[in-house]
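Read in order, the letters of the sequence shown are residues 16 to 266 in our numbering.
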Amino acid sequence: MKQVYSVPKSLRPVSTHYCPGCTHGIIHKLVAETIDELGVRDRAIGVASVGCSVFSYDYFDCDFQQAAHGRAPAVATGIRRTVPDAVVFTYQGDGDLASIGTAEIVHAAMRSENITVVFVNNAIYGMTGGQMAPTTMVGQRTTTSPEGRIKGLAGEPIRVSEMLATIPGATYVARVSTTSPAHIAKAKRAIKKAFEVQLAGGGFSLVECLSTCPTNWGMSPVEAMEWVDKNMIPYYPLGEFRTPEGGQTNG
16 MKQVYSVPKS
26 LRPVSTHYCP
36 GCTHGIIHKL
46 VAETIDELGV
56 RDRAIGVASV
66 GCSVFSYDYF
76 DCDFQQAAHG
86 RAPAVATGIR
96 RTVPDAVVFT
106 YQGDGDLASI
116 GTAEIVHAAM
126 RSENITVVFV
136 NNAIYGMTGG
146 QMAPTTMVGQ
156 RTTTSPEGRI
166 KGLAGEPIRV
176 SEMLATIPGA
186 TYVARVSTTS
196 PAHIAKAKRA
206 IKKAFEVQLA
216 GGGFSLVECL
226 STCPTNWGMS
236 PVEAMEWVDK
246 NMIPYYPLGE
256 FRTPEGGQTN
266 G
């Protein structure tokens, strides 16, 4: 019988702690497949953030380092500069990267550090109980915004990809989704391209992945997928915001 699918070698054959319907697992698979296809598992060093993804070092079968909250880009910078042959990536959620870690990600991009950032945006603080995040949608209810995010008080959600795309040191910036097979195929291409930028010595790359959080959103997995399509993608449009060729292709 012909084998048409196998678990990526860069993923350990263990169960994850993620809630049913959470798409962290899909994103893990795409990153692991990329590492396998590029043949860099023996050189790969991941940096885990604080949040739901904190245990990613248990799931990826490559070297890993835990960073303090928001400091993954700084840790990745240190690793990349001291181990020049390493392929270094961070795996960060929106509460980590877009809140306490905002300065870290901006300055890593400004310096065009030759690292790859996988940024998971599920519009909420997942691990700590569902509080409002910098990426929470206007009107979205959370444990700290029970009546919904109010624009006049909390402002609008931060668009990380658009912000970083204005920085000269950011070589590749893209936003993808994980809510359909077609979106997942595009996400895979973007993640692979981001790693290829690093392998070519091109500098800073980031892929923002729109993800779900059914538990804290109070939805079923199917409802959560539909909510991303209906509410997040219109505000967080998909596409490449900065490429090595200088192009920009949203949509």
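Using N, Cα and C, we set each Cβ at its ideal position, and we do this for glycine too.
Determine the extent of the alpha helix (DSSP H) in which residue i is found, giving its start and end residues.
i           : result
residue 256 : It is not in any alpha helix (DSSP H) - residue 256 instead sits in the beta strand (DSSP E) that spans 254–257.
residue 27  : Per DSSP, residue 27 belongs to no alpha helix (DSSP H) and is neither H nor E.
residue 86  : Neither: residue 86 is in no alpha helix (DSSP H) and is coded neither H nor E.
residue 204 : 196–214
residue 166 : 166–169
residue 230 : 229–232
residue 275 : Nothing about residue 275 can be reported from this structure: the residues present for the chain run from 16 to 266 only.
Please classify residue i: does DSSP put it in a helix, a strand, or coil?
i           : result
residue 36  : coil
residue 133 : strand
residue 111 : helix
residue 55  : coil
residue 237 : helix
residue 78  : strand
residue 251 : coil
residue 151 : coil
residue 156 : coil
residue 188 : strand
residue 106 : strand
residue 20  : coil
residue 162 : coil
residue 100 : coil
Between residue i and residue j, what straight-line distance do the alpha-carbon atoms span, to the nearest angstrom?
i           : j           : result
residue 25  : residue 45  : 10 Å
residue 238 : residue 229 : 8 Å
residue 106 : residue 82  : 10 Å
residue 138 : residue 245 : 14 Å
residue 72  : residue 168 : 37 Å
residue 232 : residue 140 : 10 Å
residue 20  : residue 200 : 15 Å
residue 84  : residue 121 : 15 Å
residue 256 : residue 87  : 22 Å
residue 38  : residue 212 : 25 Å
residue 248 : residue 56  : 32 Å
residue 61  : residue 74  : 11 Å
residue 206 : residue 190 : 10 Å
Is residue i buried or exposed, if buried means 16 or more other CB atoms sit within 10 Å of its CB?
i           : result
residue 32  : exposed
residue 266 : Low confidence applies to residue 266: its pLDDT is 47, below 50, so where it sits in the model is not reliable, and the reading given next is rough at best. Exposed, by the Cβ-count rule.
residue 17  : exposed
residue 216 : exposed
residue 250 : exposed
residue 50  : buried
residue 29  : exposed
residue 52  : exposed
residue 235 : exposed
residue 23  : buried
Following the continuous beta strand (DSSP E) through residue i, name the residue where it begins and the one where it ends.
i           : result
residue 223 : 219–225
residue 60  : 59–63
residue 138 : Per DSSP, residue 138 belongs to no beta strand (DSSP E) and is neither H nor E.
residue 175 : Residue 175 -> not in any beta strand (DSSP E); alpha helix (DSSP H) instead, spanning 175–179.
TODO: Could you say if the region 147–154 and the region 123–133 meet the contact criterion of at least three C-beta pairs nearer than 8 Å?
DONE: no
Open item on the list: Pairs of beta-carbons, one from the region 194–204 and one from the region 168–180, closer than 8 Å: are there three or more?
Closed with: no
Open item on the list: With three or more beta-carbon pairs closer than 8 Å as the criterion, would you say the region 150–158 touches the region 88–100?
Closed with: no
Open item on the list: Would the region 33–40 count as touching the region 67–78 if we require 3 or more Cβ pairs under 8 Å?
Closed with: yes
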